[in-house]
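Under the working numbering, the residues of the sequence shown are numbered 1490 to 2103, in order.
For each residue, glycine too, the CB sits at the ideal point set by N, CA and C.
Taking it in order: structure first as structure tokens, then the write-up.
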Amino acid sequence: MCGIVAYTGKRNAQQILVEGLRKLEYRGYDSSGVCIQVGEKLNLVRAKGKLVELDNALKTAPVTGNVGIGHTRWATHGAPSVANAHPHTSEDGKFAVVHNGIIENYSIIKAVLEKEGVVFRSETDTEVIVHLVSKFYKALPNGGGKPGDLAKAVSEALTHLEGAFGIVVVSAHEPGVLVGARRGSPLVLGVGENELFLASDVAPIVEHTQKVVYLDDNDMVVLNGTYKITNQANAEVRREVQNIEFSAEEVARGNFPHFMLKEIFEQPNTVLNSLRGRVLPDGTAKLQGLNLVTQELRSIQRIIIAACGTSFYAGKVGEYLIEELSGIPVEVEYASEFRYRNPIITDRTLVFVISQSGETADTLAALREAKQKGATVLGICNVVGSSIARETDGGVYLHAGPEIGVASTKAFTSQVTVLTLIALLLGRMRRTSPDEGMKICKALNKIPDQIKEILQLNDQIKSIAKEIKDHTNFLFLGRGYNYPVAMEGALKLKEISYIHAEGYPAAEMKHGPIALIDSNMPTVVIAPSDGLFDKVLSNMQEVKARGGKIIAITDAEANLGKLADWTIIIPKTMHMLTPLLSVVPLQLLAYHVAVMRGCDVDTPRNLAKSVTVE
Ligand code: G6P
């Protein structure tokens, strides 16, 4: 959460920072701010609320300078307000910092600094950083203005900080210089022609340069015309300059009104990209990044999947797939729970962590905990070079391209695609026959075109949304492979339309939720014509008998009779692959309901795309 961006070069920093923050707004939007160096002065402009407020303030009173830092905030310590907005400055206004993460020992540092006479102006944990930097700068033998001191002061301040941070510091004493550092939160360096960038991810950088350096934990980088990276021991280190895989257009919205809709419509391609080169003609999968030899894969006795949010639901689909195809027992855990209990891990336990962003704090902590206990940990991530991708022993990238909409859509279908390939690979080493494997591969290859067919139902789904949008409670039901999809459908609706929705295994409805059903509570039922079809029909009867309205997602072969008030027909596939199709109408339904209710689809209240705090 929180996005940071910084620029030093020859161009107008204000414009680059604001445009950069626009790309990072999905990380938080409680307030935003910039601090631009103009000669030996720092100019601070901050605003509460979405970026448009800052943009307006800067349009009224532009700041011209070539060096600056910017921030978009997701509030942790202190309410959304101008005083709590970043950048935070030292008392003399000569130093400013932007920060993403949490300083866990800030109250201890704050108490010490207050004793020394420092007057704090915000309720944030971040403010201690800038006061520490200012204090150490002044205390250094060459303090007061000599180049190089800022880096030393930041480095000294870092030794006092506990917790997670990605920071960038600028000082009026050192024109043209920026100092960045990271521990636990991401920070990427962009290397352009005569200009350098720092940002929480590559989205704000890609339109200026394709060359980036992913900083390692405990790296500090000084930007001063050129750049120098040092590690925790203050030794200079070289980090590989990498090429960003995607283009600036991919992080632009194009003709779509929202990123979420664009990303839903990208799914035929993103699923194809997740499959590309990984499906083999003999009915198995090739996943080179796993870094495990066949022998190691054969010896696995148990699998644990840890994830949060949408990635967790993809993991639940993965559990069913892996157990069915390979017979290996799988447990799926919320990463936040996994990290704080004492999970049983042996050297034959394989742990998968799933994360679109690769930065979710709880998932990262679960990964570290599993490694600590001796497990092999593999990642399923979308963001290349992210913390989780780097800390795992191996893994599989989604190749879904940047996902900007806060509510995850294309990442889910790509995660399920990758999990299907993993299940296939493990299954073919155990109990899945070549024939069955080939059948699955054939069906998988058809999925992108089948998603295209579903997308053509957009207008129908929009008209259903119009009729149901004013209800305040929804139930989502599914069985087997579609139980996790029911939960994902409910999550989508909650996240972006603020409607209360619950996802349930269809049969479980009679143990509680059925008490809620009346004509005011529509039920969305996922009912493909698989082995559980008749059972789901009975569950629908139970809803109907209580006057409930039903929106059914089914395939052409099913006959729902008159049970559903609205029916959305999706193409037929193997039952284990239905989540890849059945989730798409649910994404569109949530999208249209949210738009019709006037909700801010891409940046829903209180949420952030990348949750880098506990
Ligand atoms: C946040 C986002 C969700 C996402 C979850 C896990 O809550 O709003 O859309 O599913 O984090 O994110 P990850 O990047 O780890 O998949």
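DSSP three-state assignment for residue i, whether helix, strand or coil
{"i": "residue 2001", "result": "coil"}
{"i": "residue 1516", "result": "helix"}
{"i": "residue 1521", "result": "strand"}
{"i": "residue 1774", "result": "strand"}
{"i": "residue 1924", "result": "helix"}
{"i": "residue 1634", "result": "Unreliable positioning characterises residue 1634 in this predicted model, as indicated by a pLDDT of 49, which lies under 50. The coordinate reading is nonetheless provided below. Coil."}
{"i": "residue 1937", "result": "helix"}
{"i": "residue 1569", "result": "coil"}
{"i": "residue 1804", "result": "helix"}
{"i": "residue 1790", "result": "coil"}
{"i": "residue 2076", "result": "helix"}
{"i": "residue 2070", "result": "helix"}
{"i": "residue 1721", "result": "coil"}
{"i": "residue 1535", "result": "strand"}
{"i": "residue 1649", "result": "coil"}
{"i": "residue 1491", "result": "coil"}
{"i": "residue 1798", "result": "helix"}
{"i": "residue 2081", "result": "helix"}
{"i": "residue 1657", "result": "strand"}
{"i": "residue 1844", "result": "strand"}
Own chain, CB closer than 7 Å to residue i, minus 5 neighbours either side, in chain order
{"i": "residue 1566", "result": "1612, 1613, 1614"}
{"i": "residue 1776", "result": "1767, 1885, 1910, 1911, 1914"}
{"i": "residue 1907", "result": "1763, 1869, 1885, 1887"}
{"i": "residue 1593", "result": "1651, 1652"}
{"i": "residue 1502", "result": "1496, 1525, 1554, 1555, 1556, 1557"}
{"i": "residue 1862", "result": "1834"}
{"i": "residue 1942", "result": "2060"}
{"i": "residue 1505", "result": "1496"}
{"i": "residue 2088", "result": "1985, 1986, 1987"}
{"i": "residue 1625", "result": "1642, 1645, 1646"}
{"i": "residue 1927", "result": "1772"}
{"i": "residue 1891", "result": "1692, 1735, 1739, 1740"}
Continuous alpha helix (DSSP H) stretch holding residue i: start and end
{"i": "residue 1955", "result": "1947–1957"}
{"i": "residue 1978", "result": "1971–1986"}
{"i": "residue 1675", "result": "Premise fails: residue 1675 is in no alpha helix (DSSP H) and is neither H nor E."}
{"i": "residue 1545", "result": "1540–1549"}
{"i": "residue 1598", "result": "1595–1604"}
{"i": "residue 1783", "result": "1783–1787"}
{"i": "residue 1913", "result": "1899–1917"}
{"i": "residue 1853", "result": "1850–1861"}
{"i": "residue 1878", "result": "1876–1880"}
Close Cβ partners of residue i (< 8 Å) along its chain, the five nearest in sequence each way excluded
{"i": "residue 1951", "result": "2077, 2081"}
{"i": "residue 1727", "result": "1718"}
{"i": "residue 1664", "result": "1526, 1528, 1529, 1556"}
{"i": "residue 2036", "result": "2006, 2007, 2008"}
{"i": "residue 2085", "result": "1954, 1955, 1958"}
{"i": "residue 1797", "result": "1823, 1824, 1825, 1844, 1849, 1851, 1852, 2100"}
Anticipated Cβ contact below 8 Å, residue i with residue j, distance rounded
{"i": "residue 2021", "j": "residue 2052", "result": "Going by Cβ atoms, the distance from residue 2021 to residue 2052 rounds to 15 Å, so no, they are not a contact pair."}
{"i": "residue 1821", "j": "residue 1808", "result": "5 Å"}
{"i": "residue 2042", "j": "residue 2003", "result": "No, residue 2042 and residue 2003 are not in contact; Cβ-Cβ is about 20 Å, not under 8 Å."}
{"i": "residue 1877", "j": "residue 1842", "result": "6 Å"}
{"i": "residue 1815", "j": "residue 1916", "result": "4 Å"}
{"i": "residue 1792", "j": "residue 1819", "result": "5 Å"}
{"i": "residue 1689", "j": "residue 1492", "result": "5 Å"}
{"i": "residue 1509", "j": "residue 1683", "result": "So it is not a contact: roughly 18 Å between Cβ atoms."}
{"i": "residue 1780", "j": "residue 1674", "result": "Rounded, the Cβ-Cβ distance is 26 Å, inconsistent with contact."}
Beta strand (DSSP E) segment containing residue i, residue limits
{"i": "residue 1763", "result": "That residue, residue 1763, is in no beta strand (DSSP E); its alpha helix (DSSP H) goes 1756–1764."}
{"i": "residue 2022", "result": "Unbroken run through residue 2022 is the alpha helix (DSSP H), 2022–2033; no beta strand (DSSP E)."}
{"i": "residue 1820", "result": "1819–1823"}
{"i": "residue 1626", "result": "No beta strand (DSSP E) contains residue 1626, which is instead part of the alpha helix (DSSP H) from 1616–1628."}
{"i": "residue 1562", "result": "1556–1562"}
{"i": "residue 1703", "result": "1700–1703"}
{"i": "residue 1829", "result": "From DSSP, residue 1829 is part of no beta strand (DSSP E); its letter is neither H nor E."}
{"i": "residue 1994", "result": "1989–1994"}
Same chain, Cβ closer than 6 Å to residue i, five either side skipped, listed in chain order
{"i": "residue 1864", "result": "1834, 1838, 1840"}
{"i": "residue 1546", "result": "1534, 1536"}
{"i": "residue 1634", "result": "Here residue 1634 scores only 49 on pLDDT, less than 50, and its place in the model should not be relied on; the value that follows carries that caveat. Cβ neighbours of residue 1634 beyond the five flanking positions: 1662."}
{"i": "residue 1937", "result": "1757, 1760, 1761"}
{"i": "residue 1853", "result": "1876, 1877"}
{"i": "residue 1805", "result": "1821, 1973"}
{"i": "residue 1616", "result": "1577, 1609"}
Q: Considering only heavy atoms of the ligand G6P, list every residue whose Cβ is less than 7 Å from one of them, following chain order.
A: Chain-ordered, the residues whose CB falls short of 7 Å from any heavy atom of the ligand G6P come out as 1796, 1797, 1798, 1799, 1800, 1843, 1844, 1845, 1846, 1847, 1848, 1849, 1852, 1895, 1896, 1897, 1900, 1984, 2096, 2097, 2098, 2099, 2100.
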